[in-house]
Every structure is written in structure tokens, then in C-alpha cells.
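Everything in the sequence shown is counted per my numbering, starting at 1234 for the first residue and increasing by one.
Using N, Cα and C, we set each Cβ at its ideal position, and we do this for glycine too.
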Amino acid sequence: SLGILEQYCRTAYLALDAQKTAFLAHHPDGYYPCETSVFSAATLLHGDARIPEEILQRMDARSWIILTPFGTYDFRRGGQIILWDFGVVKTCPPGAPIIIPAFVRYSFVRLRPGETRYFCFQWAGSGIRRFFENGKELDEKFAIATTREEYQWRESTRRLSHLTSIDNFPVAHSLPRG
């Protein structure tokens, strides 16, 4: 699933790859969960475990997640993903990665008794990007060191970037076939 972002969302992939390169150059001791991935975080979830709300990057179209389900369940009878913001329900077969913008609210249809599901959950958190937007400072230090106007400008720029980042989303006619 690591190549899915590169294949289907090339602009987002290139931005995250540049961010990873810059971060690791600035922090030689830093690491990503997988050497070949542009995703800065990963975890495994079991069953109906909920993804922590803080991972949802509301109002930030530049962050992405990849969910790769696996387990023993009939994906035609349960376990479908519900994309609430789009009003869509899709099947979620074991082993088939799902890539969605991190700001999209989603949940899953319950499994039948005796079935199990796990997820490899990878995401591109916005913390590393904010570090660079803050001039290589953490949010707290940036907030203390800047004037109120500078801080408000950064926040308004961050919100505006959400809208302009929507252009990075692929449209149906630009997706690879096959």
C-alpha cells in the first residue's frame, strides 16, 4: 500500500516526500515507521477500535491516511467503510488499501459474530509540516516568539491552504486505468 499515494495522488506524494527529506535532513536522528514510506506515523488497530480524534486533521486537505484492512470477515456482508462527508459506503476487502484525505469523517459497518478485522493505519500528520511552517519551531515556541498579527496570519494561511490543496485531489479522468 506504500505506493498507492504516489500512484493516485502524485502531487500530495511529492509534497510529503519533500517534507520527509527536509525533516530527516534537519533531524538526522529522526525516523519514519517505514523507510520507504512518506507517512510519518503508523499503528495497528483491532476490530472496532476507533481512530483517535486527534488524528483527524480537520480543515487540512494536505494530510492523508491509508487504511489497509486484514482479517477473517466477509467484506460483502459487513466491514464496509462509511465516508460520512461524501455520503458513500464502500466495500472494504481484506488486503485492499484505502486512501482518504485525513479530514474526512468515516466509520465502519460492524462485522458479524466470529469475524475479525485489523488495520494497518498510516497517516501523514500535520505536525512535521507545521514545524517547517513555523520556521523550524514547535507550535508552542512559535506562538510565544511571534506577534499576534504574525500568529493570526499563519493561522489564516493554514486555513486558506486547505482550500487550495483541494486542487491536489485526483479527478476520475486522471486516475490510472487497470
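- Residue environment: Thr1324 is assigned as exposed (fewer than 16 neighbouring CB atoms within 10 Å of its CB, all protein chains considered).
- Closest in alpha carbon position to Lys1253, among Asp1262, Phe1336 and Ile1361, is Ile1361.
- Spanning the alpha carbons of Lys1369 and Ala1357 requires a straight line of approximately 18 angstroms.
- With contacts defined by Cβ atoms closer than 8 angstroms, Glu1366 and Arg1387 form a contacting pair.
- Here DSSP, grouped into helix, strand and coil, assigns Lys1323 to strand.
- In the pairwise beta carbon analysis, the stretch 1338-1350 is classified as not touching the stretch 1258-1274: fewer than three pairs are separated by under 8 angstroms.
- If you draw a straight line from the Cα of Gly1328 to the Cα of Leu1249, it comes to about 24 angstroms.
- Assignment of Gly1360 by DSSP, reduced to helix, strand and coil, places it in the helix class.
- Separation of Trp1317 and Phe1341 (C-alpha to C-alpha, rounded to the nearest whole angstrom) is 10 angstroms.
- The closest CA to that of Phe1354, considering only Glu1239, Phe1256 and Thr1301, is found on Thr1301.
- Gly1263 is classed as exposed because its beta carbon has fewer than 16 other beta carbons within 10 Å across all chains shown.
- Contact annotation: Ser1296 and Ser1359 have beta-carbon atoms nearer than 8 angstroms.
- If you look at Thr1244, you'll find it isn't in any beta strand (DSSP E); it sits in the alpha helix (DSSP H) that goes Arg1243 to His1259.
- DSSP places Ala1376 inside the alpha helix (DSSP H), whose first and last residues are Asp1372 to Ala1378.
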